[in-house]
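In what follows, a structure is listed as structure tokens, so that the remarks can point back to it.
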Amino acid sequence: MDILRTMGVDKKKATEGVWIKLDAEEGYDEVEESEIGADAAVKIARADNLQYQRQLTKKLQPVVMRKGRKPIDPEVRQKMEGEALAETVILDWRNLLLGETPFPFSVANVVRVWTDIELIAFKDRLIALINDNELFRLEFEEETVKN
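Residue numbers (our numbering): 605 to 751.
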């Protein structure tokens, strides 16, 4: 089995992100930014990319040093995770509403999604997307078979 062909990850997609058009049925389609139009869409990178790990470490380090061996407050950690994700993994979104109010992309709004129990289903959806290997898969030209 060629693991590069079956499981290889495109580095550019994994770090720079891909646009995903969302729908209410848990489905999604990868699209070009120019194809979004009025549809709800999110631009995401892969969850475990090195930029995210570095950013989260940078945010947590001062808290860990102040706290010593004491555990970090879960609310503080959640907020920092949301900030790090907004800077490195959840890169943008378009055409989202919160009720009838536009819900523009911002670090503060990603943190809100990460910390607000009312938005946990959207958070879960984002977690599923940023961990979906198929969205970041290497693409290969299909070889033509000669007779």
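Just so it is clear, CB atoms sit at the ideal spot from N, CA and C, and this is done for glycine as well.
Per DSSP, reduced to three states, the secondary structure at Ala642 is coil, with no helix or strand assignment.
In this structure, the beta-carbon distance from Ala642 to Trp697 does not fall below 9 Å.
Inclusion of Val714 and Gly686 in the CB contact set at 9 Å is warranted, their separation being smaller than that value. Exposed is the label assigned to Gln665, since fewer than 16 other Cβ atoms lie within 10 Å of its Cβ. With contact defined as three or more Cβ pairs closer than 8 Å, the region 689-707 and the region 651-659 are in contact.
Unbroken alpha helix (DSSP H) runs of no fewer than 4 residues, entirely contained in the region 706-738, are found at 711-719 and 724-734, following chain order.
Judged by DSSP in its simplified three-state form, Arg650 adopts coil rather than helix or strand.
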